[in-house]
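So for the first sequence, my numbering puts the first residue at 22; every next one is plus one.
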Amino acid sequence: MTSDSQGFGKGCHLHLIDGSAFIFRAYHALPPLTRKSDGIPIGAVAGFCNMLWKYVSDQNGSDAPTHVAVIFDHSSKTFRNEIYPEYKANRPELPEDLRPQFPLTREATRAFNIACIETEGFEADDIIAALSCKARDAGGAVTIISSDKDLMQLVGQGVNMLDPIKGKEIGPDEVAEKFGVGPDRVVDVQALAGDSVDNVPGAPGIGIKTAALLINEFGDLESLLSRAEEIKQPKRRQTLIDHAEQIRISKRLVQLDCDTPLDFTLESLEVRDPQADALLEFLAQMEFRTLTARVAEKLGAEAPAVVSAPPAETAAAPELPAMGADGYERVSDREALDRWIAEIALAGHVAIDTETTGLDEMQAELVGVSLSIRAGRACYIPVGHVEGDGDLFGATGRVAGQMDASEVLEALKPVLEDPAILKIGQNVKYDWKIFARHGIRMTPIADTMLMSYALNAGTHNHGMDELAERYLGHKCIPIKELIGSGKSQIGFAQVAIDKATPYAAEDAEVTLRLWQHFAPVLHAERVTTVYETLERPMVPVLADMEMAGIRVDGETLKRMSNAFAQKMAQLEDEIHELAGEKFNVGSPKQLGEILFDKMGLAGGKQGKTGAYSTSADVLEDLAAEGHDLPARILDWRQVSKLKSTYTDALQSHVNPETGRVHTSYSIAGAQTGRLASTDPNLQNIPVRSEEGRRIREAFVATPGHRLVSLDYSQIELRILAHVADIPALKQAFRDGIDIHAMTASQMFGVPVEGMDPMIRRQAKAINFGVIYGISGYGLSRNLRIPRSEAQAFINTYFERFPEIRAYMDKTVADAKEAGYVRTLFGRRINTPGINQSGPAAGGARRAAINAPIQGAAADIIRRAMIRMPEAIRDLPARMLLQVHDELVFEVEEGATEELIAAARQVMEVAAEPVVKLAVPLVVDAGIGMNWAEAH
DNA sequence: ACGCTCACG
DNA sequence: GACGTACGTGAGCGTA
Numbered sequence: 022m023t024s025d026s027q028g029f030g031k032g033c034h035l036h037l038i039d040g041s042a043f044i045f046r047a048y049h050a051l052p053p054l055t056r057k058s059d060g061i062p063i064g065a066v067a068g069f070c071n072m073l074w075k076y077v078s079d080q081n082g083s084d085a086p087t088h089v090a091v092i093f094d095h096s097s098k099t100f101r102n103e104i105y106p107e108y109k110a111n112r113p114e115l116p117e118d119l120r121p122q123f124p125l126t127r128e129a130t131r132a133f134n135i136a137c138i139e140t141e142g143f144e145a146d147d148i149i150a151a152l153s154c155k156a157r158d159a160g161g162a163v164t165i166i167s168s169d170k171d172l173m174q175l176v177g178q179g180v181n182m183l184d185p186i187k188g189k190e191i192g193p194d195e196v197a198e199k200f201g202v203g204p205d206r207v208v209d210v211q212a213l214a215g216d217s218v219d220n221v222p223g224a225p226g227i228g229i230k231t232a233a234l235l236i237n238e239f240g241d242l243e244s245l246l247s248r249a250e251e252i253k254q255p256k257r258r259q260t261l262i263d264h265a266e267q268i269r270i271s272k273r274l275v276q277l278d279c280d281t282p283l284d285f286t287l288e289s290l291e292v293r294d295p296q297a298d299a300l301l302e303f304l305a306q307m308e309f310r311t312l313t314a315r316v317a318e319k320l321g322a323e324a325p326a327v328v329s330a331p332p333a334e335t336a337a338a339p340e341l342p343a344m345g346a347d348g349y350e351r352v353s354d355r356e357a358l359d360r361w362i363a364e365i366a367l368a369g370h371v372a373i374d375t376e377t378t379g380l381d382e383m384q385a386e387l388v389g390v391s392l393s394i395r396a397g398r399a400c401y402i403p404v405g406h407v408e409g410d411g412d413l414f415g416a417t418g419r420v421a422g423q424m425d426a427s428e429v430l431e432a433l434k435p436v437l438e439d440p441a442i443l444k445i446g447q448n449v450k451y452d453w454k455i456f457a458r459h460g461i462r463m464t465p466i467a468d469t470m471l472m473s474y475a476l477n478a479g480t481h482n483h484g485m486d487e488l489a490e491r492y493l494g495h496k497c498i499p500i501k502e503l504i505g506s507g508k509s510q511i512g513f514a515q516v517a518i519d520k521a522t523p524y525a526a527e528d529a530e531v532t533l534r535l536w537q538h539f540a541p542v543l544h545a546e547r548v549t550t551v552y553e554t555l556e557r558p559m560v561p562v563l564a565d566m567e568m569a570g571i572r573v574d575g576e577t578l579k580r581m582s583n584a585f586a587q588k589m590a591q592l593e594d595e596i597h598e599l600a601g602e603k604f605n606v607g608s609p610k611q612l613g614e615i616l617f618d619k620m621g622l623a624g625g626k627q628g629k630t631g632a633y634s635t636s637a638d639v640l641e642d643l644a645a646e647g648h649d650l651p652a653r654i655l656d657w658r659q660v661s662k663l664k665s666t667y668t669d670a671l672q673s674h675v676n677p678e679t680g681r682v683h684t685s686y687s688i689a690g691a692q693t694g695r696l697a698s699t700d701p702n703l704q705n706i707p708v709r710s711e712e713g714r715r716i717r718e719a720f721v722a723t724p725g726h727r728l729v730s731l732d733y734s735q736i737e738l739r740i741l742a743h744v745a746d747i748p749a750l751k752q753a754f755r756d757g758i759d760i761h762a763m764t765a766s767q768m769f770g771v772p773v774e775g776m777d778p779m780i781r782r783q784a785k786a787i788n789f790g791v792i793y794g795i796s797g798y799g800l801s802r803n804l805r806i807p808r809s810e811a812q813a814f815i816n817t818y819f820e821r822f823p824e825i826r827a828y829m830d831k832t833v834a835d836a837k838e839a840g841y842v843r844t845l846f847g848r849r850i851n852t853p854g855i856n857q858s859g860p861a862a863g864g865a866r867r868a869a870i871n872a873p874i875q876g877a878a879a880d881i882i883r884r885a886m887i888r889m890p891e892a893i894r895d896l897p898a899r900m901l902l903q904v905h906d907e908l909v910f911e912v913e914e915g916a917t918e919e920l921i922a923a924a925r926q927v928m929e930v931a932a933e934p935v936v937k938l939a940v941p942l943v944v945d946a947g948i949g950m951n952w953a954e955a956h
């Protein structure tokens, strides 16, 4: 197998293996295997080694290579991103359990004694191109082991390709079959046709067929572009004239670079026999039993013992050490920290948790960091523990034996930013923000809370204590044991380090174990894509939004609050007057007694507590009968709500440093995929009433800026039209007509023109009712009509739109069968209550009907948000808020139109390319100095 | 700690 | 035939 080392030339045969393609193929072809002894993901490495072994075993004929190399991609950013920033922009993020396997695939290649090549800033394709050119120029033959169509331009004159799966050779004929042109014109065709996978734009509306036709007619791309006027088809002609520049850019993107610098010689790629001991040692270390045995037999060597826990007798979880079995280490000096960092680099992953002085990530200070790499072992690095109670007399001082926070952060920064090291957290957005305030953008990340959410939404919540108990059978140390509760509660900084260490280290270890538990389950339950595309990428996006905050004018709120206080006092006087006695207007109990016992109005008892209901609809009914007191109460309640929840509470949320309000979004809070906003909730700022809407005037743009709001129009109804496949509804949305008027017209047989607003209102209520899993009772209450009438409406509706009934029935049946429903994008929402009987069954049924619709809308805006930072990167604009179907931006005043164009585009195509909706998504936009104006 | 009420989509 | 329901949230307040 060894050739003389005279140099690479005639008679030599170079094999170039597309390593990255091998890895992805291996990853997707195999179930998510983990290494028995420690649970790290190893499936892609296993597949990679199998493929490599098969390759090596096959090379023994007369056409065996004299030289061989495996080429890998080094990083995602290459010179092509300089030419076109969007290049490969819509690639999904790497699966988190794949990235840590990358270093191992390099090791594997070396273990096979094959040259392993990667170059910073270049794609594997470019290195393959350069090597092919060089080898061909030297008179040798080249075989590229890959089926990547982007490499087909290299075929010809001694270079061919080999599809490693089909074992099929790809020569000039096969290339011509695929592209309609010879290999030398492949780039021209690709430049025209573009590539949605790599996000090469190409010419809109032109695919490979048309591109080949044009190139064959005009000879080459430049001739085509310079003589575009001669194209007969007017539309095609115009497209090529309009997009000439874009097409030229596309060509530069697809054209592989034969001049890629190489810091090694062809000679160095000479085929070497595998060294049995090195290869077998690696395979045994990976615990690949079958392959180790097979290789040992073939090489005539003795197979080393594969040491790991023997296969479990049942399918139970692998044997793991007990919690903390190998100790929780307190790290107090640089030497110890460096030891951990070295271990992390070796492992390729680390579970991490931060302890801070408070729960508000915008203000909390770092107190300590805990790390865990494997089950049974973790450490805690205290940095901010203090002694004394911090008051004037017991002045606080730093506890001795801690590293400085700055030194720890400086040491951890390379780890936290290392693309080859996965950082695993539980609710990692919290820790991400803490580090971001110290100039560290942590990446890549995994989040056990989000893994659980992707799997278990609808079944249970996803807090660490809950997950630890359910999946690890472990009860976490309650935080209360450290900081107490109520009045005597202390901050984490005041906790003694000896007590903090086991608590904090345990959190990191639990996180690590949860990650190991969930990683294989995500695949098995088919929610990996949801986790990778809809959950994990939200973390940095939301963290940035939350840290940006929105400017709130405290003075305006204060003025409003005073006005509200006056109005409340005035209303209270009137109310007491009408009631004939003084009482607490804010007490439903006292109010109920006044209304129903004392005044004897009609309205029954409700609820288990036996209290009268005094809710708005009860009071509205009474007011409609002409009673003044309930009407005044309603007024008072509105003002009271505005004052307490909005003007007063909001002021307390203005961050003193930034002068802005920083909400926190929970990614895993709602069952359906929606976000939830807390502290404060900025997703329920008043808008429906004139008075309430004025609160939004206090949400202002910073000077020189504007607030811009973009919202999806009728997104849930559009999704309903698509998923239930309702022709009339789809057509109406395509035609852009008033959907509620159309519904009314279909139901009641009246023309849209000059329609009675009442009729339209009823149709609108029915449309919404459908989304919620309509019932006659619910509709009758909403519309305040007799139940029989409401039921008749619903019957008519189902007659006119029979597909809706079919959709609802099918959704419920699916839920009963599977125990969950899925959105268009694969998000899984579990429906544990669906097979119950009794009153609860109705609720579960309606929730199951609603979830795929509400959830798909949530998925779509998530997709838009994830793409948004890149789309507005060059604009002076920031995304600040999300309100389910609305995104709010802050933009420099000169750039509002540009922002709207860019953001609208992202939002309108957000479902693609995964889902091509049968209806358009329409986005409305508004601009203003404040949120009231912009909405 | 829990229920009621009400703000939003 | 009766049961009680519109779907999804979070916050403030009163009450126990």
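Yeah, the Cβ is synthetic: ideal placement off N, Cα and C, and Gly gets one too.
The segment 527-535 makes contact with the segment 389-401, as at least three CB pairs between them are under 8 Å. Check the Cα spacing between P193 and each of D184, P204 and P185: the tightest is with P204. Per the C-alpha coordinates, the member of L563, V542 and E350 positioned closest to W453 is L563. Nearest in C-alpha terms to A786, of all of E774, R695, Q812 and A584, is Q812. Annotation: the continuous beta strand (DSSP E) that includes N851 extends over R849 to N851. As a beta-bridge residue in DSSP terms, S391 pairs with D374 and Y401. In the displayed model, M182 falls within a strand according to three-state DSSP.
Distance check between L283 and each of M470, G446, I92 and I893 places I92 closest, using alpha-carbon atoms only.
Counted as a single uninterrupted DSSP element, the alpha helix (DSSP H) harbouring G864 occupies residues P860 to A892. V196 places its beta carbon 8 Å or farther from that of V208.
Just measuring C-alpha positions, the residue of D830, I893, A526 and A363 sitting nearest M344 is A526. The residues M589 and G607, in chain order, have a CB closer than 7 Å to that of S661 in the same chain once the five nearest residues on each side in sequence are set aside.
Between the C-alpha atoms of A545 and Q767 there is a straight-line separation of about 45 Å. The beta-carbon distance between A467 and E114, rounded to whole angstroms, is 11 Å. This is too long to meet the 8 Å contact definition. Distances from the alpha-carbon of H36 to those of N71, I736 and A162 put A162 closest. DSSP, read as helix, strand or coil, puts R462 in coil. Linking S687 to D700 through their CA atoms gives a straight-line distance of about 11 Å. Note: G418 is bridge-paired with E408 in the DSSP secondary-structure output. Beta-bridge partners assigned by DSSP to V573: F720.
The DSSP assignment places complete beta strand (DSSP E) segments of no fewer than 3 residues inside the segment 681-751 at 685-687, 697-699 and 726-733, in order along the chain. A540: member of the alpha helix (DSSP H) spanning I518 to A545, first to last residue. In the three-state reduction of the DSSP assignment, E933 falls in the coil class.
DSSP lists D732 as the bridge partner or partners of E907. Under a 10 Å Cβ-count criterion, D732 is classified as buried, with 16 or more other Cβ atoms of the shown protein chains found around its own Cβ. Excluding the 5 residues flanking it on each side, N71 has same chain C-beta neighbours closer than 7 Å at L312, in chain order. Residue pairing by DSSP places M900 opposite F910 in a beta bridge.
Within 10 angstroms of the beta-carbon of F43 lie 16 or more other beta-carbons, which makes it buried. At the C-beta level, A932 and V912 stay beyond 8 Å of one another. Assignment of T281 by DSSP, reduced to helix, strand and coil, places it in the coil class. E291 is bridged by DSSP to H88. In the DSSP assignment, E238 falls outside any beta strand (DSSP E) and within the unbroken alpha helix (DSSP H) covering I229 to F239.
The Cβ atoms of I445 and I373 lie closer than 8 Å to each other. Contact between A689 and Y474 holds, with the beta-carbon distance rounding to 4 Å and staying under 8 Å. Counting C-beta atoms within 10 angstroms of its own C-beta, P807 has fewer than 16 neighbours from the protein chains shown and is therefore classed as exposed.
By the Cβ test, the segment 253-261 is not in contact with the segment 290-302, since fewer than three Cβ pairs between them sit closer than 8 Å. In the structure shown, A441 falls within a coil segment according to DSSP collapsed to helix, strand and coil.
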